[in-house]
Amino acid sequence: MHTETLSNREEIIAEITQSVTDFGEKHIRPYMMDWDETQTFPREIFTQMGELGLMGMLVPEQYGGSGFGYKEYVAAIVAVSKIDSSIGLSMAAHNSLCTNHILQFASEEQKKRWLPKLATGEWIGAWGLTEPNTGSDAGNMRTTAVLDGDEWVLNGAKNFITHGISGNIAVVVARTGEPNESGNASAFVVERGTMGFTGGKKENKLGMRASETAEMIFDNCRIPKENMLGNVGDGFRQALAILDGGRISISALSLGIAEGAYEAALQYAKERQQFGQPIANFQGISFKLADMATEIDAAKLLTERASDLKDAGKKVGKESAMAKYYSSEVAVRVSNEAVQIFGGYGYVKDFPVEKFYRDSKLCTIGEGTSEIQKVVISRAILKG
Amino acid sequence: MKILVCITHVPDTTSKITFTNDNTELDKGGLQFVIGPYDDYALARAVEIKEQLGGTVTALNVGQQETEPTIRKALAIGADDAIRIDAEPTDAYFVAQQIAEVAKAENYDLIMMGRESSDYNGGQVHGMVGEMLGIPSLSPVMKLDIDKGVAKMAREIEGGKEYLEASLPLVLGCQEPIAEWKIPNMRGIMGARKKPLKVITPTNNDTLTTPESYELPAPRTDVKLIDADNTAELVSLLKNEAKVI
Ligand SMILES: Cc1cc2nc3c(=O)[nH]c(=O)nc-3n(C[C@H](O)[C@H](O)[C@H](O)COP(=O)(O)OP(=O)(O)OC[C@H]3O[C@@H](n4cnc5c(N)ncnc54)[C@H](O)[C@@H]3O)c2cc1C
Ligand SMILES: Cc1cc2nc3c(=O)[nH]c(=O)nc-3n(C[C@H](O)[C@H](O)[C@H](O)COP(=O)(O)OP(=O)(O)OC[C@H]3O[C@@H](n4cnc5c(N)ncnc54)[C@H](O)[C@@H]3O)c2cc1C
């Protein structure tokens, strides 16, 4: 990460926000309702985002990335998500799950092999932990990997995987030990085109409809031994560490949604006249706006704290869980109230808030539900 | 190809403008500043020409320290280095003298500007710089290609298009569709901080104009809707109220 004086860093962050916003207004906003309606995953937009440097935000320049810290990364996710949170989710999954897993746990040789393609958006990444029967309880997974000579043989299925069909490469956590045993999982990289690796059913979703969510199926899928990340048995521990950082991404995604919905509602409340005056004049509406603004600020501060700790290389498990838990609930509440402020116009697709409302709910579920965040937080505070 | 691009630091085009000091000064409080929209087109085309033919692009602004973020954006977009002439740009003549002074020493092949600034919209600086340097100036330029030292240009004119050619060096006032605005990428944003930004003091302080006062346009009045069948009332309103017929 680059070390900069604070004011310089703030200026860079403002420039990142401006660039991403300009890009989004031009290349995303005009098409996003179409993508949403038809559940189109716009692969080519990620190539353009790669050219802009958004697909390797945390990847050092030597591997073709932008070499930023979490604060800069958060600014970019917020700016994208304020326009289209589906694109924000895909950007987050690519950067902080798949790409970051390789960045954190791969050998030098593996990094050189995969990171440049991911960081430039030439390849898009998927990250597979969740299974049909093991979501929150990911330690109990059924997908297995068995060593056979120089190859690992993968069998099983992952579901709800972002870019499960379109991902050019996937980091997959599979069981290499006995069920329920600790240290029973390992992480592997599987490239698209490998025999026995296929995309399955694409989910039809409430929101985040332009972000592809699909099954990944492994049927006697053989991958070279050197595609393992780290050591046998490290997989689950690696996945949890990746989720600690990933939660900052979902906080940022939530913030973008909340800010987008709030700003739309604020403007509408000043313009919409009822009973001969702007509806913002009614305390029932202005107090909603006050709550929204306050909660967004609090969510922002929690997210900033988690990013600062992460950038300083400190432990961030509890703080990122707090940020993710709070921000995601704020995204849901704020977008709900935004629809309310828009009244009937909030319920129709000509205005932006119904989409924020639908998209927001993913944030309290993906990368650990709110309940699981509370498990993480309570364990940390009860331990200490 | 050695190109100078002159950029202004102007309020974002969606800004709400107010004045202070007895309406003799722009109130800069709360305003967000950007590269002048026409200058942004000039810069984008300059960067494309550099990519195509090689050479350098220098961004120049006459302004005080507050303009540096705007200058760095020009560097992020693709200028190689930048010059800030450290002075409040008080009028077009003053600005033109500063630019001409730099240009005399540097022998640029092309000096590209916006057709006009988007704050005071004078449309004068390029013409003045051309005169001061004794080289041609053209504005507005909507298309520009360089072919063996000759600039081939086009612009839209009443009822048609005009094609022009001129040999370098030249001063140009540019506007769309000469290029598409460039969005700085992440690498550009970081790289901008490593590129040289030279600050120089102005050579002299001659100005030819001083503003007396500024006035905002009258606020928009309410719209009157008249039934499509009621032409009599329309005519009467146009005659008696709007007094246009
Ligand atoms: C759009 C989308 C994209 C996704 N992308 C990915 C991806 O890229 N990669 C990936 O691996 N996964 C991905 N997921 C999966 C996601 O992480 C899981 O859905 C999530 O972890 C929850 O698991 P589950 O759906 O099986 O719910 P379950 O674990 O079955 O939970 C059901 C309910 O029980 C509650 N619950 C469970 N355990 C406890 C407990 N101990 N205490 C209290 N309450 C509990 C939960 O909070 C929830 O309310 C994605 C999901 C979605 C919807
Ligand atoms: C803070 C501030 C205070 C000002 N105070 C006064 C004042 O007191 N009196 C007054 O008359 N005007 C004042 N101005 C106006 C300012 O001087 C004009 O914008 C400037 O002189 C250019 O004049 P113009 O509008 O004719 O530019 P134009 O001729 O319309 O500009 C054409 C092109 O010239 C280039 N250019 C113009 N200005 C600059 C610049 N500063 N640096 C680099 N390139 C440039 C750009 O490429 C621009 O697109 C002020 C402007 C600012 C921002």
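Residue numbers (this note's numbering), protein chains in the order written: chain A, 31 to 414; chain B, 2 to 246.
Note that CB positions come from ideal geometry on N, CA and C, so glycine has one too.
With a cut-off of 8 Å, does the C-beta of M143(B) fall near any C-beta of chain A? Here residue 143(B) corresponds to residue number 142 of the second sequence, with the count starting at 1. So no, M143(B) is outside the interface.
Applying the 10 Å Cβ sphere with the 16-neighbour rule, what's the burial state of Q176(B)? As a working note, residue 176(B) is residue 175 in the second sequence. With 16 or more Cβ atoms within 10 Å of its Cβ, Q176(B) is classed as buried.
Looking at the secondary structure, which residues open and close the alpha helix (DSSP H) in which V11(B) lies? The sequence position of residue 11(B) within the second sequence is 10, counting from 1. Segment H10 to P12 is the beta strand (DSSP E) holding V11(B); no alpha helix (DSSP H) there.
Using a Cβ-Cβ distance cut-off of 8 Å, determine whether H32(A) contacts chain B. As a first step, residue 32(A) is located in the first sequence; it is residue number 2 there, counting from the start. Since pLDDT at H32(A) reaches only 45, below the 50 mark, its modelled position is unreliable, and no value is offered.
Since I believe Q66(B) is in contact with P203(B) (beta carbons under 8 Å), could you give me their beta-carbon distance rounded to a whole number of angstroms? As a working note, residue 203(B) is residue 202 in the second sequence. As a working note, residue 66(B) is residue 65 in the second sequence. Between Q66(B) and P203(B) the Cβ distance is about 14 Å, and since that is not below 8 Å, they are no contact.
Assuming A149(A) and A200(A) are in contact, meaning their beta carbons sit under 8 Å apart, how far apart are those beta carbons, in whole angstroms? Here residue 149(A) corresponds to residue number 119 of the first sequence, with the count starting at 1. Here residue 200(A) corresponds to residue number 170 of the first sequence, with the count starting at 1. Not quite, the Cβ-Cβ distance comes to about 17 Å (not below 8 Å), so this is no contact.
Using a 10 Å radius around the Cβ and a threshold of 16 neighbouring Cβ atoms, would you call I281(B) buried or exposed? Given a span of 2 to 246 for chain B in the structure shown, any question on residue 281(B) remains unanswerable.
So, using beta-carbon positions, are A122(A) and S279(A) closer together than 8 Å? Within the first sequence, numbered from 1, the residue matching residue 122(A) stands at position 92. Within the first sequence, numbered from 1, the residue matching residue 279(A) stands at position 249. The Cβ atoms of A122(A) and S279(A) lie closer than 8 Å to each other.
I think A310(A) touches A320(A), with their Cβ atoms under 8 Å apart; what is that distance to the nearest whole Å? Mapped onto the first sequence, residue 310(A) falls at position 280. Mapped onto the first sequence, residue 320(A) falls at position 290. About 11 Å; that fails the 8 Å criterion.
How would you label P220(B), buried or exposed, when you count the other beta carbons within 10 angstroms and need 16 or more for buried? Position 219 of the second sequence, counted from the start, is the residue given in the question as residue 220(B). The residue is exposed, with fewer than 16 neighbouring Cβ atoms inside 10 Å.
Going by DSSP, name the residue or residues bridged to R85(B). By 1-based counting over the second sequence, the position of residue 85(B) is 84. Its beta-bridge partners are N62(B) and V200(B).
Taking the alpha-carbon positions, what's the E245(A) to R222(A) distance? Translated into the one-based positions of the first sequence, residue 245(A) becomes position 215. Translated into the one-based positions of the first sequence, residue 222(A) becomes position 192. Answer to the nearest angstrom: the Cα atoms are 14 Å apart.
Please find out if some non-hydrogen atom of ligand 1 comes closer than 7 Å to the beta-carbon of M238(A). One-based indexing of the first sequence puts residue 238(A) at position 208. At least one heavy atom of ligand 1 is nearer than 7 Å to the Cβ of M238(A), so yes.
At the level of alpha carbons, what is the spacing between D13(B) and E181(B)? Within the second sequence, residue 13(B) is the residue found at index 12, counting from 1. Within the second sequence, residue 181(B) is the residue found at index 180, counting from 1. For the pair D13(B) and E181(B), the Cα-to-Cα distance works out to about 18 Å.
Per DSSP, what kind of secondary structure is G151(A) in: helix, strand or coil? By 1-based counting over the first sequence, the position of residue 151(A) is 121. DSSP places G151(A) outside both helix and strand once states are collapsed to three, so it counts as coil.
Looking only at DSSP bridge pairs, what is S216(A) linked to? By 1-based counting over the first sequence, the position of residue 216(A) is 186. Paired residues: A204(A).
For the segment 81 to 98 of chain A, which residues have a CB atom closer than 9 Å to at least one CB atom of chain B, in sequence order? Listed by position, the residues of the segment 81 to 98 of chain A near chain B (Cβ gap below 9 Å) are E81, L82, G83, L84, G86, M87, E91, G95, S96, G97 and F98.
Counting only Cβ pairs nearer than 7 Å, list the residues of chain B close to E41(A). Along the first sequence, one-based indexing puts residue 41(A) at 11. The contact set of E41(A) on chain B, defined by CB atoms closer than 7 Å, consists of P70 in chain order.
Proximity below 8 Å, CB of T57(B) to CB of I4(B): The sequence position of residue 57(B) within the second sequence is 56, counting from 1. The sequence position of residue 4(B) within the second sequence is 3, counting from 1. Yes; because the gap between Cβ atoms is below 8 Å, this pair is in contact.
According to DSSP, is G398(A) part of a helix, a strand, or is it coil? In the first sequence, counting from the first residue as 1, residue 398(A) sits at position 368. In the structure shown, G398(A) sits in coil (DSSP, three-state: anything other than H, G, I, E or B).
Backbone CA spacing between Q92(A) and E138(A) [nearest angstrom]: For the purposes of this step, residue 92(A) is taken as the residue at position 62 of the first sequence. For the purposes of this step, residue 138(A) is taken as the residue at position 108 of the first sequence. Distance from the CA atom of Q92(A) to the CA atom of E138(A), rounded to whole angstroms, is 11 Å.
Can you grab the Cα-Cα spacing for the pair E359(A) / T333(A), in whole Å? As a position in the first sequence, residue 359(A) is number 329, starting the count at 1. As a position in the first sequence, residue 333(A) is number 303, starting the count at 1. In a straight line, the C-alpha of E359(A) is about 13 Å away from that of T333(A).
Taking all protein chains shown into account, decide if T35(A) is buried (16 or more other Cβ within 10 angstroms of its Cβ) or exposed. Against the first sequence, residue 35(A) aligns to sequence position 5. At T35(A) the pLDDT is 46, less than 50, meaning the model places this residue with poor confidence; the figure from the coordinates comes in the next sentence. Under a 10 Å Cβ-count criterion, T35(A) is classified as exposed, with fewer than 16 other Cβ atoms of the shown protein chains found around its own Cβ.
DSSP state of M352(A), grouped into three classes? In the first sequence, residue 352(A) corresponds to position 322, counting from 1. DSSP, reduced to helix, strand and coil, places M352(A) within a helical segment of the structure shown.
is_contact[I184(B), chain A] using C-beta, thresh 8 Å: Residue mapping note: residue 184(B) aligns to position 183 of the second sequence, counting from 1. At least one chain A Cβ lies under 8 Å of I184(B).
Report yes or no: is there a C-beta of chain A within less than 8 Å of the C-beta of A219(B)? For the purposes of this step, residue 219(B) is identified with residue 218 of the second sequence, where counting begins at 1. Chain A, which has no Cβ nearer than 8 Å to the Cβ of A219(B), makes this no.
Three-state class that DSSP yields for W65(A) in the structure shown: As a first step, residue 65(A) is located in the first sequence; it is residue number 35 there, counting from the start. Helix at W65(A).
How many angstroms separate the CA atom of I158(B) from the CA atom of S138(B)? As a working note, residue 158(B) is residue 157 in the second sequence. As a working note, residue 138(B) is residue 137 in the second sequence. Each residue's Cα considered, the two are about 17 Å apart.
Beta carbon of I184(B), beta carbon of S49(A): below 8 Å? Mapped onto the second sequence, residue 184(B) falls at position 183. Mapped onto the first sequence, residue 49(A) falls at position 19. Less than 8 Å divides the Cβ of I184(B) from the Cβ of S49(A).
What's the gap between the Cα of E242(B) and the Cα of K225(B)? The residue you call residue 242(B) lines up with position 241 of the second sequence. The residue you call residue 225(B) lines up with position 224 of the second sequence. Their Cα atoms are separated by approximately 11 Å.
Local conformation of Q125(B) per DSSP, three classes: Against the second sequence, residue 125(B) aligns to sequence position 124. Coil at Q125(B), not helix or strand.
Under a three-way DSSP split, which group does Y387(A) fall into? Indexing the first sequence from 1 puts residue 387(A) at position 357. DSSP places Y387(A) in helix when its eight states are reduced to three.
Just to confirm the assignment, what range does the beta strand (DSSP E) spanning D148(B) have? As a working note, residue 148(B) is residue 147 in the second sequence. Segment K144 to D148, the beta strand (DSSP E) holding D148(B).
Should the segment 229 to 239 of chain A be called in touch with the segment 252 to 270 of chain A, which here means at least 3 C-beta pairs below 8 Å? At 8 Å Cβ cutoff, the stretches do not touch.
Would you mind reading off the limits of the beta strand (DSSP E) that contains N185(A)? Start at 1 with the first residue of the first sequence, and residue 185(A) comes out as number 155. Boundaries of the beta strand (DSSP E) harbouring N185(A): E181 to T192, taken from the DSSP string.
Would you say K196(B) reaches chain A, if we count a Cβ-Cβ gap shorter than 8 Å as a contact? The residue labelled residue 196(B) in the question sits at position 195 within the second sequence. It does not: the Cβ of K196(B) has no partner Cβ on chain A nearer than 8 Å.
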